[in-house]
Each structure stands twice: as structure tokens, then as C-alpha cells.
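**Q** Here it is, the structure in full.
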Amino acid sequence: MQLPFYQIDAFTGSVFKGNPAAVMPLETWLEDGILQAIATENNLSETAFFRPTEEDGAFELRWFTPSVEVPLCGHATLASAFVLMTEMYRGLDHVAFETRSGRLTVRRDDDRYAMNFPAMNLQSTRRPERVIAAVGAAPAMVLKSDNWLLIYDSEDEVAALDVDVSALASALAENDADAGVICTAPAANGRADFVSRYFAPCHGISEDPVTGSTHCSLVPYWSERLGRRELHALQISARGGELFCRDQGRRVEIAGKAVKYMEGVAHIPASP
């Protein structure tokens, strides 16, 4: 079986930056074991698979890390929309995806792709001391959504974090194995509104280069803290990425650029 394959760098306009995602269009779903084996073989933080639905022009979309299927992924959604709009249906300026997180839409906005995602509620919580110890520096505040949100006073603190990934995986397994850790702070020197880093070792991701889905939590927090709905965000991983966000109440809009790095054909056996 031969399947088309794209590798897209998301939340950047330049190759070798942003977050690389594999995108594989399908006509029909393969067995889950084969989908997971493909994602493991690709060894990127996310592989996206989509197929057309039978009505209204939407697509079913699923995301796999090298170890698990996840309920929501931003950069691989952006990458999938980029492939549909620039490679498969040129001229398309809007696409809808049916996912485990409900219906997600993406629209073309000049050279960006704007995704509409559900906002995440944040709650005060006890401090997860083992998680904090593994991250390596105590935050000023801790909140919880689907992830732990550690809030620091400065960008320098977030940039300097030297995370013990093994210890963090152990601590998360004890507290909430489905969660990752978002570390955030105000951006320095006015170059953006806020910065972040994201760690999800229980999902096979030591540090994610750029994470759209974490901004479902970050945008409501920073919008309320800064008193405005339009926000400019940087994810300060080694590769780095840029996001343009809007707080819409129960939804958030997360926009960014994307660029194609690679295109080819995957040769898939009948069983992994």
C-alpha cells in the first residue's frame, strides 16, 4: 500500500523552524495499530491522518504522537489545513475537521492559517511539588486545565529551565499521566505578549517545539491578565515558533504560518 506523505513545518514561515508534523491523507481509515505504527516510524511529535466525510465537505482528522493518539493537536491541524489548501485543493480558503474535540475550522488569512479551537477552563490547584522539582524552578503561580500551567515572572526563567524529563514523566504518571506541563511568562522587551515552553514526556514528547493546543489555556489566562483579546505569542523552544491569537470567550483563534519541507510516498505493509 502506497500513501502520500507530507512533512510540514507549522507556526513558521521558514523550514527547520516551528514544529514539524507529518500529514497523511487517506481515503478510508486504516486499523488503529497501523496508524500508530506509522506515527511511531515517523517519530515526530505528531502525525495527522485525515479522510473526507460523506457529507458537507468536511474531513475527519486524527492525531498520533509516537506513542499515543491524542484528543487535540494544533500544529498538525494547521499542517493538515495547509496541505488541503495548498497541495490538494488549491484555492480552498476554509476547511472543517471532525475530531475527538468536536468540529474545528481553519480559514486562510493572507499568509496565515487561523484555527478555531475550544477554550480551556483554568482552575487553582495544589502545587505539584514533584512536577515542579523535575521542571527545575519554582513558578510564581500554578493553574490546571488539561495540562499543568506553571507561571513564571520572566522570560529568562522559562528559557533557563533545565527539565529532568525522566523525573517529570515519573511525577506526571503519579499526578496526571494525561497532562503535560506548560511553562509561561511575559515576553521580554515587548517582542511579544507572552512566551511558553511545553513538556509532555508521558505522550512521548520531551519538549514540543511549538504547541497550538496549549494556547487554548494560555490565551484565556493572558487575555484576562493583560486586558486585551488579541495576543502575540512565542514558543521559545530550540526551533521556536510564532502564534497570533484571539480570545473569543468559549473559543480561541490561533493563527500561524506553515511551510512544506518534504513530500513523498510511504510504503505501508498490510499489518505493522
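If you read the sequence shown in the numbering used here, its first letter stands for residue 10, the second for the next number, and so on.
Cβ atoms here follow ideal geometry from the backbone N, Cα and C, with glycine treated the same way.
1. On the CB-based measure, 16 or more other CB atoms within 10 Å of its CB, does residue 62 come out buried or exposed?
2. Thinking residue 60 and residue 68 are a contact (beta carbons under 8 Å), I'd like their distance in whole angstroms, please.
3. Report yes or no: do the region 145-154 and the region 99-118 share at least 3 C-beta pairs separated by less than 8 Å?
4. Run through the region 94-162 for me and flag every whole beta strand (DSSP E) of 3 or more residues, listed as ranges in chain order.
5. What separation, rounded to the nearest whole angstrom, lies between the Cα atoms of residue 210 and residue 187?
6. Suppose the cutoff is 6 Å on Cβ atoms and the five residues either side in sequence are ignored; what does the same chain contact list for residue 90 look like?
7. The alpha helix (DSSP H) that contains residue 217, what's its start and end?
8. Residue 218 and residue 28: beta carbons closer than 8 Å?
9. Could you tell me whether the region 267-275 touches the region 218-238, where touching means 3 or more Cβ pairs closer than 8 Å?
10. Could you give the DSSP three-state label for residue 78: helix, strand or coil?
11. Are residue 84 and residue 220 closer than 8 Å when you measure CB to CB?
12. Cα separation between residue 96 and residue 33?
13. Which stretch, first to last residue, makes up the alpha helix (DSSP H) that contains residue 49?
14. In chain order, what residues of the same chain have a beta carbon less than 7 Å from the beta carbon of residue 4, not counting five sequence neighbours either side?
15. The beta strand (DSSP E) with residue 28 in it runs from where to where?
16. DSSP three-state label for residue 267, please.
17. Would you tell me roughly how many angstroms separate the C-alpha atoms of residue 203 and residue 40, rounded to the nearest one?
18. What residue from 42, 19 and 216 has the CA that sits closest to residue 252's CA?
19. Once the 5 residues before and after residue 163 are set aside, which same chain residues still bring their CB inside 8 Å of it?
20. Determine the contact status of residue 257 and residue 205, defining contact as a CB-CB distance below 8 Å.
21. So, at 7 Å on beta carbons, what are the nonlocal neighbours of residue 267 in its own chain, with the 5 sequence-adjacent residues on each side left out?
**A** Considering the structure as presented:
1. It counts as exposed.
2. With a contact defined as Cβ atoms closer than 8 Å, residue 60 and residue 68 qualify at about 7 Å.
3. No, the region 145-154 does not touch the region 99-118.
4. Complete beta strand (DSSP E) runs here, min 3: 103-108, 111-118, 121-127, 150-153 and 157-160.
5. A straight-line Cα-Cα distance of about 10 Å links residue 210 and residue 187.
6. Close CB contacts of residue 90 within its chain, under the 6 Å cut and outside five residues either way in sequence, are with 104, 115 and 122 (chain order).
7. DSSP places residue 217 in no alpha helix (DSSP H) but in the uninterrupted beta strand (DSSP E) bounded by 214-217.
8. For residue 218 and residue 28, yes; Cβs fall inside 8 Å.
9. No contact exists between the region 267-275 and the region 218-238.
10. Secondary structure at residue 78: strand, using DSSP grouped into helix, strand and coil.
11. Annotated as proximal: residue 84 and residue 220, with beta-carbon spacing under 8 Å.
12. Their backbone Cα atoms lie some 12 Å apart in a straight line.
13. Here the alpha helix (DSSP H) through residue 49 covers 41-51.
14. Given that the chain is displayed from residue 10 to residue 281, the structure contains no residue 4 and the question cannot be resolved.
15. Residue range 28-34 is occupied by the beta strand (DSSP E) that includes residue 28.
16. In this structure, DSSP gives residue 267 an extended state, which the three-state scheme calls strand.
17. So the two alpha carbons sit approximately 41 Å from each other.
18. Among 42, 19 and 216, the Cα nearest to that of residue 252 is on 19.
19. So the list reads 194, 195 and 197, once near-sequence residues are dropped.
20. No; because the gap between Cβ atoms is not below 8 Å, this pair is not in contact.
21. Hits under 7 Å: 17, 18, 19, 87, 88, 91 and 122.
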